[in-house]
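Okay, structure first, notes after.
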Amino acid sequence: MNIFEEYLNKILNKIKLASEEKLILLPESLSGINVDIPPKKFKCDLSTNVAMVLSKTNNEPPIKIAEKLKDIIFKDDNNIEKIEIANPGFINIILKKEFWTSFLLNINNLNNFGASLNGSKKKHLIEFVSANPTGPLHVGHCRGAILGDVISNLLKFNNQEVVKEYYVNDHGNQILHFTRSVYLRIKEKLDNQTFPQNEDDLYPGEYIKDIAQHIIDNNKDLQFDDYEKIKLTLTKLAITESLKLIKTNLNNLGIIHDNFASETEIVENKEVDKVIDKLKKDKFVYIGKIKAPEGEDTTNWVERDQLLFRSTDFGDDKDRALKKSDNTWTYFAGDVAYHNTKLNRNFDKLINILGADHAGYIKRITSVVEALSGEKNKLICKVSQLVKLIKDGKPFKMSKRKGDYITVEDLISEVGKDATRFIMLSRSNDAELDFDFTKVKEKSKDNPLYYVQYCYARISSVFRNINKNIDDKIDNENKNMQFNNEEIEIFKKISEWPKCVEISTKKLEPHRIPVYLYELSSQFHSYWNMGKDDVEKRFINDDKTINIEKLIFLKSIAKTIKTGMDIIGVDTPEKM
RNA sequence: GCGCUCUUAGCUCAGCUGGAUAGAGCAACGGUUUUCUAAACCGUAGGUCGAAGGUUCGAAUCCUUCAGAGCGCGCCA
Numbered sequence: 000m001n002i003f004e005e006y007l008n009k010i011l012n013k014i015k016l017a018s019e020e021k022l023i024l025l026p027e028s029l030s031g032i033n034v035d036i037p038p039k040k041f042k043c044d045l046s047t048n049v050a051m052v053l054s055k056t057n058n059e060p061p062i063k064i065a066e067k068l069k070d071i072i073f074k075d076d077n078n079i080e081k082i083e084i085a086n087p088g089f090i091n092i093i094l095k096k097e098f099w100t101s102f103l104l105n106i107n108n109l110n111n112f113g114a115s116l117n118g119s120k121k122k123h124l125i126e127f128v129s130a131n132p133t134g135p136l137h138v139g140h141c142r143g144a145i146l147g148d149v150i151s152n153l154l155k156f157n158n159q160e161v162v163k164e165y166y167v168n169d170h171g172n173q174i175l176h177f178t179r180s181v182y183l184r185i186k187e188k189l190d191n192q193t194f195p196q197n198e199d200d201l202y203p204g205e206y207i208k209d210i211a212q213h214i215i216d217n218n219k220d221l222q223f224d225d226y227e228k229i230k231l232t233l234t235k236l237a238i239t240e241s242l243k244l245i246k247t248n249l250n251n252l253g254i255i256h257d258n259f260a261s262e263t264e265i266v267e268n269k270e271v272d273k274v275i276d277k278l279k280k281d282k283f284v285y286i287g288k289i290k291a292p293e294g295e296d297t298t299n300w301v302e303r304d305q306l307l308f309r310s311t312d313f314g315d316d317k318d319r320a321l322k323k324s325d326n327t328w329t330y331f332a333g334d335v336a337y338h339n340t341k342l343n344r345n346f347d348k349l350i351n352i353l354g355a356d357h358a359g360y361i362k363r364i365t366s367v368v369e370a371l372s373g374e375k376n377k378l379i380c381k382v383s384q385l386v387k388l389i390k391d392g393k394p395f396k397m398s399k400r401k402g403d404y405i406t407v408e409d410l411i412s413e414v415g416k417d418a419t420r421f422i423m424l425s426r427s428n429d430a431e432l433d434f435d436f437t438k439v440k441e442k443s444k445d446n447p448l449y450y451v452q453y454c455y456a457r458i459s460s461v462f463r464n465i466n467k468n469i470d471d472k473i474d475n476e477n478k479n480m481q482f483n484n485e486e487i488e489i490f491k492k493i494s495e496w497p498k499c500v501e502i503s504t505k506k507l508e509p510h511r512i513p514v515y516l517y518e519l520s521s522q523f524h525s526y527w528n529m530g531k532d533d534v535e536k537r538f539i540n541d542d543k544t545i546n547i548e549k550l551i552f553l554k555s556i557a558k559t560i561k562t563g564m565d566i567i568g569v570d571t572p573e574k575m
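Here numbering that gives the first Met the number 0 is used: position 489 in the first sequence is 488, and no number is missing along the way.
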């Protein structure tokens with residue numbers, strides 16, 4: 000029920016026919032033609048720019064073409080009340096009131112109103128979060144986590160297949176430092192050894208102590224005297240513990256991954272060697288040198304021969320290292336192998352959600368996926384920009400050294416899951432986001448989340464008062480419904496919902512959904528208050544009954560809000 | 001030095017893959033509750049869309065240049 004799409008198709012068909020009959024000429028591409036939501040000041044329902052697009056090819060002014068097309072396209076359309084032509088050549092359509100009645104009846108019977116189901120079902124792999132398993136998640140991880148989760152929801156809503164995956168970087172130096180930190184905390188607990196204060200590489204956070212304690216408690220038979228002996232076992236135990244923390248954090252955010260892929264496993268299965276061989280065969284890999292970046296302190300830079308991937312072939316600014324000087328694989332090499340395993344699993348589309356600090360990584364990883372698959376745009380990377388934390392009006396810097404992170408746990412307990420999700424989503428992922436801790440906490444009533452939830456709660460209260468359930472089926476045999484102008488304005492807003500979903504999905508930009516829900520709620524709240532002066536606009540009659548029109552009106556709004564809130568993963572309480 | 005992202009009202013941001021007179025919220029000021037939830041509503045005020053060129057019938061949106069902010073630039077992940 001995307002009326003914009005339906006009218007666009009109608010227009011395209013009609014002008015194609017007209018061109019066959021030599022009534023008009025068509026340009027090579029019709030892609031510029033669209034059917035839009037007209038600005039409010041033009042009192043119409045749909046508008047199209049088709050005349051302007053055809054003007055040049057036909058060598059006639061848009062207004063003249065519009066006059067011509069008006070008959071060609073809309074002559075036999077009995078949903079239309081009136082067509083107006085406006086400068087510089089828009090065709091503005093006003094639909095009959097009855098159209099909106101049938102529109103409402105139609106969407107009332109749909110389970111997934113707004114979903115675009117024309118596209119074929121594709122298999123998507125979306126990788127997100129993938130934070131190092133060295134401790135709980137902090138606020139910085141949150142935004143990308145929510146973005147990835149909601150993009151998955153969006154795709155699923157549109158009947159796409161989605162696998163949500165977390166890549167566990169359980170291999171490499173960070174993990175060694177992490178394991179040693181845990182070990183030292185164990186020694187602190189068991190043998191009163193002092194934890195070193197001045198080693199930058201170690202993890203100082205309090206949670207390491209908890210992990211240490213858990214490991215001691217659950218492994219009574221283990222000996223912790225010789226670090227080298229116990230290192231491997233301890234690494235596994237420590238990673239399991241921190242993954243537990245991470246999974247709890249994600250759960251509290253309402254996020255559940257389908258799959259956790261381990262870097263260690265990939266390395267141990269020789270996946271890296273295999274994929275590098277494959278790349279060598281195709282001459283994407285060679286031994287060469289990397290130049291130091293200009294304008295940086297490069298006193299310690301030693302140019303050396305290295306195994307490199309030819310990412311410059313794909314537009315990167317330098318080729319990328321696959322092996323470190325100690326002959327072990329770089330992080331990139333492991334990730335190349337990981338992405339190769341994604342390709343082996345036959346996904347149609349790969350999506351990665353990255354933090355802003357990893358944006359420089361996009362070019363090389365998309366390059367390697369292109370090299371391996373021979374397909375451009377197989378992998379799409381979305382970046383979630385930085386969240387600027389503000390506390391008491393001042394920017395708050397988190398420091399790893401002091402271990403003073405604001406964790407996901409802090410955030411959820413202070414602000415709540417729903418508010419966190421809603422706020423993190425309501426801005427474009429490409430733009431930085433100010434997250435004012437004190438403000439969100441103190442002024443929680445100004446939070447846009449409550450505004451939308453309140454809308455749903457108000458509708459629920461009506462249903463409660465008349466002893467009906469919001470999910471009850473409505474018998475809509477009566478086709479002679481009468482709606483007032485304000486109600487029809489809201490139907491128009493509802494008719495925009497599929498367009499909102501479509502563009503959010505196409506661009507993988509879910510921030511449009513909270514924005515839409517806010518706007519719809521605003522129109523509803525406005526209508527609600529009209530009931531104070533105008534009895535006609537109250538929902539419940541004096542005898543505690545409700546008219547079918549009002550019932551179906553309320554239900555369509557509640558349903559749209561619920562659908563949207565489900566996609567962004569936020570609750571819709573019936574009482575507030 | 002190079003790359004990516006951002007710059008729209010005092011503040012925080014939308015602006016639908018180029019459309020009509022650029023929109024919200026907050027803050028400010030003035031109103032609305034005997035009536036279905038006032039966590040709401042109505043009104044007033046607030047703009048050279050960072051700057052300059054270009055493409056186009058038409059630019060906040062696309063291109064170029066410049067300025068400012070953020071992130072990043074081998075053996076960290």
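For glycine and all other residues, C-beta sits at the position ideal for the given N, C-alpha and C.
In this text the structure is predicted, and so the values were computed from the model without any measurement.
{"Asked": "Enumerate, from N- to C-terminal direction, the unbroken beta strand (DSSP E) stretches of 3 or more residues contained entirely within the segment 159-235.", "Found": "160-167"}
{"Asked": "At the level of alpha carbons, what is the spacing between residue 468 and residue 129?", "Found": "42 Å"}
{"Asked": "Return the CA-CA distance between residue 329 and residue 385, expressed in angstroms with no decimal places.", "Found": "26 Å"}
{"Asked": "Using the Cα positions of residue 460 and residue 358, report the straight-line distance between them to the nearest angstrom.", "Found": "47 Å"}
{"Asked": "Going by DSSP in three states, residue 309 sits in which element: helix, strand or coil?", "Found": "coil"}
{"Asked": "Could you check whether the segment 523-543 touches the segment 176-184, counting it as contact only if at least three pairs of C-beta atoms, one from each stretch, sit closer than 8 Å?", "Found": "no"}
{"Asked": "Between which two residues does the alpha helix (DSSP H) containing residue 92 stretch?", "Found": "From DSSP, residue 92 is part of no alpha helix (DSSP H) but of the beta strand (DSSP E) over 89-94."}
{"Asked": "Examine the Cβ distances between the segment 271-281 and the segment 336-347 and report whether three or more of them are shorter than 8 Å.", "Found": "yes"}
{"Asked": "I think residue 71 touches residue 9, with their Cβ atoms under 8 Å apart; what is that distance to the nearest whole Å?", "Found": "Not a contact, Cβ separation roughly 11 Å."}
{"Asked": "In the DSSP assignment, find the unbroken alpha helix (DSSP H) run with residue 525 in it and report its ends.", "Found": "511-529"}
{"Asked": "Please name the residue, chosen from 235, 300, 347 and 496, that lies closest to residue 289 on a Cα-to-Cα basis.", "Found": "300"}
{"Asked": "Would you mind giving the Cβ-Cβ distance between residue 489 and residue 436, rounded to the nearest angstrom? I have them listed as a contact below 8 Å.", "Found": "Between residue 436 and residue 489 the Cβ distance is about 35 Å, and since that is not below 8 Å, they are no contact."}
{"Asked": "Looking at the unbroken alpha helix (DSSP H) that takes in residue 485, where does it start and where does it end?", "Found": "484-494"}
{"Asked": "Rounded to the nearest angstrom, how far is the Cβ of residue 115 from that of residue 504, given a contact under 8 Å?", "Found": "7 Å"}
{"Asked": "I'd like the span of the beta strand (DSSP E) that includes residue 85, first residue to last.", "Found": "79-85"}
{"Asked": "Sorted by chain position, which residues of the same chain lie with C-beta nearer than 6 Å to residue 105's C-beta, five sequence neighbours on each side aside?", "Found": "0"}
{"Asked": "Cα separation between residue 200 and residue 174?", "Found": "11 Å"}
{"Asked": "Should the segment 304-314 be regarded as contacting the segment 225-244, the criterion being three or more beta carbon pairs within less than 8 Å?", "Found": "no"}
{"Asked": "Can you tell me which residues form a DSSP beta bridge with residue 293?", "Found": "None, per the DSSP bridge assignment."}
{"Asked": "Does DSSP classify residue 378 as helix, strand or coil?", "Found": "strand"}
{"Asked": "Counting Cβ pairs, one atom from each stretch, are 3 or more of them under 8 Å apart for the segment 256-269 and the segment 155-165?", "Found": "yes"}
{"Asked": "My output table needs one value for residue 145: the three-state DSSP class, helix, strand or coil.", "Found": "helix"}
{"Asked": "Which residue from 332, 371 and 366 puts its Cα closest to that of residue 345?", "Found": "371"}
{"Asked": "Tell me the rounded alpha-carbon separation between residue 320 and residue 377.", "Found": "22 Å"}
{"Asked": "Using only alpha-carbon positions, find the residue among 355, 501, 153 and 525 that is nearest to residue 432.", "Found": "355"}
{"Asked": "Taking the beta strand (DSSP E) that residue 128 falls in, what are its first and last residues?", "Found": "Premise fails: residue 128 is in no beta strand (DSSP E) and is neither H nor E."}
{"Asked": "Write down the C-beta distance between residue 138 and residue 424 rounded to the nearest angstrom, noting that I regard them as a contact closer than 8 Å.", "Found": "In fact, because the Cβ distance is near 15 Å, the residues do not count as touching under 8 Å."}
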